[in-house]
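Participant: Sharing a structure, written as structure tokens. Questions coming.
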Amino acid sequence: MKHGRWRFLVGALVPALVLHVVFVLSPYAQAFYLSLTDWTGVAGEAHFVGAGNYARLGGDSLFLDAVRNNAVMLVVVPLVTIGIGLFLASMMHLGGRGGRRGIAGSGAYQIVYFFPQLLSLVVIAVLWGFVYNPNTGLLNGALRGLGLDGLTRSWLASPSLALIAVMAVLIWSSVGFYVVLFSAAIDSIPRELFEAALLDGAGRWATFRRVTLPLVRDSVQVAFVYLGIAALDAFAVVQVMTVGPGGPDGATEVIGLSLYRNAFQYGKFGYASAMGVALFFATLTLAVLALRSGRKERLELA
Amino acid sequence: MTGGDDDSDPAAGNSGTKSADNPLGVKADAPLEVVIFKGGYGDEYAKKAGTLYTQKYPAAKIDHQGLQKIGEALQPRFVANTPPDVVDNTGASRLDIATLVASKQVSDLSQLLDAPAFDEPGKTVRDTLLPGVVDDGTFDKVPLTLNFTYTVWGLWYSKPLFASKGWTFPKTWDEMLTLCATIKAAGIAPWTYQGKYPEYINDPLLGMAAKTGGLALVKAVDNLEPNAWKAPGLIGAAEAFAELAGKGYILSGSEALSHTEAQAAWSQGKAAIIPCGSWLESEQKGVTPPNFEMVMAPVPSRTSSEGFKQTAVQAASSESYLVPAKAKNPAGGMEYLRMLFSKQSAKAFAESAGTLPAITGATDGLTLSSGLGSVRDAVTAAGSETFTYRFRTWYAPLAKAVDDATGELVNKRITAVQWSDRIQKAADSIAKDSSVKKYTR
Numbered sequence: 110m111k112h113g114r115w116r117f118l119v120g121a122l123v124p125a126l127v128l129h130v131v132f133v134l135s136p137y138a139q140a141f142y143l144s145l146t147d148w149t150g151v152a153g154e155a156h157f158v159g160a161g162n163y164a165r166l167g168g169d170s171l172f173l174d175a176v177r178n179n180a181v182m183l184v185v186v187p188l189v190t191i192g193i194g195l196f197l198a199s200m201m202h203l204g205g206r207g208g209r210r211g212i213a214g215s216g217a218y219q220i221v222y223f224f225p226q227l228l229s230l231v232v233i234a235v236l237w238g239f240v241y242n243p244n245t246g247l248l249n250g251a252l253r254g255l256g257l258d259g260l261t262r263s264w265l266a267s268p269s270l271a272l273i274a275v276m277a278v279l280i281w282s283s284v285g286f287y288v289v290l291f292s293a294a295i296d297s298i299p300r301e302l303f304e305a306a307l308l309d310g311a312g313r314w315a316t317f318r319r320v321t322l323p324l325v326r327d328s329v330q331v332a333f334v335y336l337g338i339a340a341l342d343a344f345a346v347v348q349v350m351t352v353g354p355g356g357p358d359g360a361t362e363v364i365g366l367s368l369y370r371n372a373f374q375y376g377k378f379g380y381a382s383a384m385g386v387a388l389f390f391a392t393l394t395l396a397v398l399a400l401r402s403g404r405k406e407r408l409e410l411a
Numbered sequence: 043m044t045g046g047d048d049d050s051d052p053a054a055g056n057s058g059t060k061s062a063d064n065p066l067g068v069k070a071d072a073p074l075e076v077v078i079f080k081g082g083y084g085d086e087y088a089k090k091a092g093t094l095y096t097q098k099y100p101a102a103k104i105d106h107q108g109l110q111k112i113g114e115a116l117q118p119r120f121v122a123n124t125p126p127d128v129v130d131n132t133g134a135s136r137l138d139i140a141t142l143v144a145s146k147q148v149s150d151l152s153q154l155l156d157a158p159a160f161d162e163p164g165k166t167v168r169d170t171l172l173p174g175v176v177d178d179g180t181f182d183k184v185p186l187t188l189n190f191t192y193t194v195w196g197l198w199y200s201k202p203l204f205a206s207k208g209w210t211f212p213k214t215w216d217e218m219l220t221l222c223a224t225i226k227a228a229g230i231a232p233w234t235y236q237g238k239y240p241e242y243i244n245d246p247l248l249g250m251a252a253k254t255g256g257l258a259l260v261k262a263v264d265n266l267e268p269n270a271w272k273a274p275g276l277i278g279a280a281e282a283f284a285e286l287a288g289k290g291y292i293l294s295g296s297e298a299l300s301h302t303e304a305q306a307a308w309s310q311g312k313a314a315i316i317p318c319g320s321w322l323e324s325e326q327k328g329v330t331p332p333n334f335e336m337v338m339a340p341v342p343s344r345t346s347s348e349g350f351k352q353t354a355v356q357a358a359s360s361e362s363y364l365v366p367a368k369a370k371n372p373a374g375g376m377e378y379l380r381m382l383f384s385k386q387s388a389k390a391f392a393e394s395a396g397t398l399p400a401i402t403g404a405t406d407g408l409t410l411s412s413g414l415g416s417v418r419d420a421v422t423a424a425g426s427e428t429f430t431y432r433f434r435t436w437y438a439p440l441a442k443a444v445d446d447a448t449g450e451l452v453n454k455r456i457t458a459v460q461w462s463d464r465i466q467k468a469a470d471s472i473a474k475d476s477s478v479k480k481y482t483r
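Chains A and B supply the protein sequences, listed in that same order.
Heads up: the first sequence at position 240 corresponds to 349 in my numbering, and the numbers run straight through without jumps.
Heads up: the second sequence at position 23 corresponds to 65 in my numbering, and the numbers run straight through without jumps.
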């Protein structure tokens, strides 16, 4: 019997494993190898250059701009998205009178928040490009309509605002998903816990901090990893929306864009692969750190 | 083919005997694979050249493909050494030509250039091309690509608008500044530009620099000579554009507009002048109001000590055709190009695409639209004084550095001197970089 079970397990796993090796692991391995060569992408041959590509990364000012911008996004995008997501989700469950019910129409809100998730990121970027248009855009138009002409800006063309404008789009496009995710997590918290907290005289804020937040912690952790990875990418939005793209003057450059440009426009696939490998390790580190810290917290809670 | 390895000549068995009628030695029944960029000009004109080919070689089977993503389709085929016989390497996803050349993936086209022109007796293909066309495709003294369209860069305005206000297009920069003051006073922004892609405003800036410094300046820049970007001509031109921005002569918000948005603003009369290449008229076809009558003028001169006359224009050929080095039927590929670059096919192209082909006299006898007519007149007036910078195709990362710097310059965030310093630094680092193949002219 036991023997049969092993056969079943092997039979079920091996095909998936083979596919994974061929389509996931082997491209990674190839990228690792290519990052040590000067492959141009159009010739069948490549020369081994050792760690040369990696050494160049440190002196590539545009790449360093990209690292800086990705680092800023890595901090801001997950924090703000999760903050807003949690706020909206808990309002829908606890925002009503007496803190027991959600505010009226919370189901409809949930659908509306989820809307951006239905659009491709490129479509969102194009739409927001129109919104940010300095002369005919919705944002400046609204500001002018409110008599706040002094606040109108060239949002995507000012070095100090462009990255913020891009991050706002990333946050806008992902908040809805996390509202739904956190809503589901809050839904799974037993009602009695909220009622008990209420009977004990806890206010909304205390209920959120002492009951809701600890019990949705796992979801928040996962959200951090996902949003962190999204923030390390951000390629599509930057490519479509920004000046240059990646500008003005590197203000919105991201690693993915540098990688794309070097590979497909400059024909430096080896160097681009080195960027890809660096990005891979950054993402891996992020995921490990986020999940590790989560594990520790859980032990403390137990 | 059996047992073929990478070293065997893929063209073996695909060449015929050369004769007066068949100067390139085409084997009459060898199949021909043609891959064309199918962009704004479509690919009908290239299919017509294919028809000429099958008329002459009825036994040859032509495989014609019109694609938009040339690079993505052909990159794996170059890597596998099975490229097509002719490629129109154009469009946003084209393969970087400098990389292709450095990887020895492109055939020498000298044979084709020296072959008799297809329908102009007594002339070689080389004789029929507009000035600069052969140079544009020459790398290390070897002609490797041949460009089919001829692009001219300049400043565009609406003729009726200027006539109704009594404005004449300026020939010197001082006149330009005076005119801009008048235009601004009339309630129109004097200039706009395609701010999202700062390379558009680079072109008039670099064009003006060339008019001061002449070909020597252009060559010094392209050859990555030390301090080339610190030439007085370049700093002077940068100062001029900083001045234009500083005096508020650029439509506010231009810096964030895409090319379509900026050009639409210009077509709607919100701005009087816009820099662009000669494709502007066909690009604006759908949004230009009737009787707009756009006209292209050369960039004004800033100084009187002229390297080039004011009538000189920045012109370069584009729509870049090449025959891959590993093509199976290179003779057929070149023969196809000989037919494509014939007068009859160029004329048909000029009529349908509204763009100047790279072939002399292709527009003779045609009634041209206002924009295209002005472009042809500008080319005629310039005579031999056409110029182009090559660093954009040779050193793409330097082009990016120049674009970024110019974007900062015309947004008043850096000065002309800072502009030249930071570009010089970028040029020096390319010059030092041993992994980048260098070209000289």
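From the three backbone atoms N, C-alpha and C, an ideal C-beta is built for every residue, glycine too.
A/Leu122: beta carbon under 8 Å from a heavy atom of the ligand SAM?
Facilitator: In terms of ligand content, the structure shown is empty, and the ligand SAM therefore cannot be addressed.
Participant: Beta-carbon of A/Val347 versus every beta-carbon of chain B: anything under 9 Å?
Facilitator: Against the first sequence, residue 347 of chain A aligns to sequence position 238. So no, A/Val347 is outside the interface.
Participant: Does any residue of chain A have a CB that is nearer than 9 Å to the CB of B/Phe120?
Facilitator: Locating residue 120 of chain B in the second sequence gives position 78, counting from the first residue. Chain A contact via Cβ: present.
Participant: Hey, which unbroken runs of the beta strand (DSSP E) at 3 residues or more fall wholly within the stretch 313 to 398 of chain B?
Facilitator: 313 to 319, 336 to 339 and 355 to 364
Participant: Can you list, in chain order, the residues of its chain whose CB lies under 7 Å from that of A/Pro268, leaving out five sequence neighbours each side?
Facilitator: Locating residue 268 of chain A in the first sequence gives position 159, where the first residue counts as 1. Contacts found: Pro357, Asp358 and Ala360.
Participant: Quick check: is the beta carbon of B/Glu303 nearer than 9 Å to any beta carbon in chain A?
Facilitator: For this step, residue 303 of chain B is matched to residue 261 along the second sequence. Yes, contact with chain A.
Participant: Would DSSP call A/His156 helix, strand or coil?
Facilitator: Here residue 156 of chain A corresponds to residue number 47 of the first sequence, with the count starting at 1. Residue state, collapsed to three classes: coil.
Participant: Evaluate the contact criterion for the stretch 326 to 343 of chain B versus the stretch 199 to 210 of chain B: three or more CB pairs, one atom per stretch, below 8 Å.
Facilitator: yes
Participant: I'd like the list of long-range same chain contacts for B/Pro372, defined as Cβ closer than 7 Å, with 5 residues on each side in sequence excluded.
Facilitator: Counting from one through the second sequence, the residue named residue 372 of chain B turns up at place 330. So the qualifying residues of the chain are Ala53, Asp127, Ser149 and Val365.
Participant: Listed in chain order, which residues of the stretch 105 to 132 of chain B have Cβ atoms closer than 8 Å to some Cβ of chain A?
Facilitator: Gly113, Gln117, Phe120, Val121, Ala122 and Asn123
Participant: Less than 9 Å between the C-beta atoms of B/Ser296 and B/Thr234, yes or no?
Facilitator: Along the second sequence, read from residue 1 onward, the residue named residue 296 of chain B stands at position 254. Along the second sequence, read from residue 1 onward, the residue named residue 234 of chain B stands at position 192. In this structure, B/Thr234 lies closer than 9 Å to B/Ser296 by Cβ.
Participant: In whole angstroms, what is the alpha-carbon distance linking B/Gly46 and B/Phe79?
Facilitator: Position 4 of the second sequence holds residue 46 of chain B. Position 37 of the second sequence holds residue 79 of chain B. Residue placement at B/Gly46 is poorly supported in this model, since its pLDDT is 39, which falls under 50; the coordinates are not used for a value here.
Participant: For a contact meaning CB atoms closer than 8 Å, what does A/Tyr369 contact in chain B?
Facilitator: Counted from its first residue, the first sequence places residue 369 of chain A at position 260. None at all; the shortest Cβ gap to chain B is about 11 Å.
Participant: Cβ of B/Ala390 within 9 Å of Cβ of B/Lys103?
Facilitator: Counted from its first residue, the second sequence places residue 390 of chain B at position 348. Counted from its first residue, the second sequence places residue 103 of chain B at position 61. It is not a contact, given that the beta carbons lie outside the stated cut-off.
Participant: On the CB-based measure, 16 or more other CB atoms within 10 Å of its CB, does B/Ala223 come out buried or exposed?
Facilitator: Taking the second sequence and counting its residues from 1, the one referred to as residue 223 of chain B is at position 181. That one is exposed.
Participant: Please go through the same chain and pick out, in chain order, the residues whose beta-carbon is closer than 7 Å to the beta-carbon of A/Gln226, but skip the five residues on each side of it.
Facilitator: Translated into positions along the first sequence, residue 226 of chain A becomes position 117. Here the set comprises Gly285 and Phe286.
Participant: Starting from B/Asp446, find everything on chain A with Cβ-Cβ shorter than 8 Å and list it in chain order.
Facilitator: What you label residue 446 of chain B is simply residue 404 of the second sequence in a count that begins at 1. Within chain A, the residues near B/Asp446 are Gly353, Gly356, Pro357, Asp358 and Gly359.
Participant: Using beta carbons (cut-off 9 Å, strictly below), is A/Ala411 in contact with chain B?
Facilitator: Here residue 411 of chain A refers to the residue found at position 302 of the first sequence. Residue confidence for A/Ala411 is low, a pLDDT of 38 falling below 50, so the modelled location carries little weight and cannot support an answer.
Participant: Taking 9 Å as the CB-CB cut-off, is B/Asp470 touching chain A?
Facilitator: In the second sequence, counting from the first residue as 1, residue 470 of chain B sits at position 428. Cβ-Cβ to chain A under 9 Å: no for B/Asp470.
Participant: With a threshold of 7 Å on Cβ separation, who are the neighbours of A/Leu408 within its own chain once the five nearest residues in sequence on each side are excluded?
Facilitator: Working through the first sequence from its first residue, we reach residue 408 of chain A at position 299. For A/Leu408, the predicted model reports a pLDDT of 45, less than 50, meaning its position is unreliable and no value from the coordinates is stated.
Participant: If we count the other Cβ atoms within 10 Å of its Cβ and call it buried at 16 or more, is B/Lys290 buried or exposed?
Facilitator: Here residue 290 of chain B refers to the residue found at position 248 of the second sequence. Residue identity differs from the one stated: residue 290 of chain B is Gly in this sequence, not Lys. B/Gly290 comes out exposed.
Participant: Which of helix, strand or coil does DSSP assign to A/Asp102?
Facilitator: Nothing can be reported for residue 102 of chain A, as the shown portion of chain A is limited to 110 through 411.
Participant: Which runs of the alpha helix (DSSP H), 4 residues or longer, sit entirely within the stretch 113 to 193 of chain A?
Facilitator: 135 to 143 and 161 to 166
Participant: Expressed to the nearest angstrom, what Euclidean distance is found between the alpha-carbon atoms of B/Thr187 and A/Leu118?
Facilitator: Along the second sequence, read from residue 1 onward, the residue named residue 187 of chain B stands at position 145. Along the first sequence, read from residue 1 onward, the residue named residue 118 of chain A stands at position 9. Cα-Cα distance, rounded: 58 Å.
Participant: Please report whether the beta-carbon of B/Gln147 lies at a distance below 9 Å from any beta-carbon of chain A.
Facilitator: Within the second sequence, numbered from 1, the residue matching residue 147 of chain B stands at position 105. For B/Gln147, at least one C-beta of chain A is nearer than 9 Å to its own C-beta.
Participant: In the DSSP assignment, find the beta strand (DSSP E) that holds B/Ala231 and state where it starts and stops.
Facilitator: The residue you call residue 231 of chain B lines up with position 189 of the second sequence. Per DSSP, B/Ala231 belongs to the beta strand (DSSP E) from Ala231 to Trp233.
Participant: With a threshold of 9 Å between beta carbons, is B/Lys442 in contact with chain A?
Facilitator: Within the second sequence, the letter at position 400 stands for residue 442 of chain B. For B/Lys442, the answer is yes, since a Cβ of chain A falls inside 9 Å of its Cβ.
Participant: Is the stretch 166 to 176 of chain A touching the stretch 162 to 169 of chain B in the sense that three or more CB pairs, one from each, lie closer than 8 Å?
Facilitator: no
Participant: A/Val151 and B/Leu142: beta carbons closer than 9 Å?
Facilitator: Numbered from 1 along the first sequence, position 42 holds the residue referred to as residue 151 of chain A. Numbered from 1 along the second sequence, position 100 holds the residue referred to as residue 142 of chain B. In contact: A/Val151 and B/Leu142 (Cβ atoms closer than 9 Å).
Participant: How many angstroms separate the CA atom of B/Asp161 from the CA atom of B/Ile292?
Facilitator: Within the second sequence, numbered from 1, the residue matching residue 161 of chain B stands at position 119. Within the second sequence, numbered from 1, the residue matching residue 292 of chain B stands at position 250. Whole-angstrom Cα-Cα distance: 48 Å.
Participant: On a Cα-Cα basis, can you pick out the residue from B/Thr430, B/Gly349 and B/Met338 that is closest to B/Gly413?
Facilitator: Position 371 of the second sequence holds residue 413 of chain B. Of B/Thr430, B/Gly349 and B/Met338, the residue nearest in Cα terms is B/Met338.
Participant: Can you tell me whether B/Asn131 is helix, strand or coil according to DSSP?
Facilitator: Taking the first residue of the second sequence as 1, we reach residue 131 of chain B at position 89. B/Asn131 falls in the coil class under three-state DSSP.
Participant: Work out the CA separation of B/Asn244 and B/Leu440 for me, nearest whole Å.
Facilitator: Within the second sequence, residue 440 of chain B is the residue found at index 398, counting from 1. Within the second sequence, residue 244 of chain B is the residue found at index 202, counting from 1. Each residue's CA atom was taken as its position, placing B/Leu440 and B/Asn244 some 13 Å apart.
Participant: Can you find the residues in the same chain that come closer than 6 Å, C-beta to C-beta, to A/Leu395, ignoring five residues on each side of it along the sequence?
Facilitator: Here residue 395 of chain A corresponds to residue number 286 of the first sequence, with the count starting at 1. Hits under 6 Å: Gly337.
Participant: Does the beta carbon of B/Glu297 come closer than 9 Å to any beta carbon on chain A?
Facilitator: If you number the second sequence from 1, residue 297 of chain B lands on position 255. It does; some Cβ of chain A falls within 9 Å.
Participant: Could you check which residue in A/Ala266, A/His202 and A/Leu134 has the C-alpha nearest to that of B/Lys454?
Facilitator: For the purposes of this step, residue 454 of chain B is taken as the residue at position 412 of the second sequence. Comparing Cα positions, the closest option is A/Ala266.
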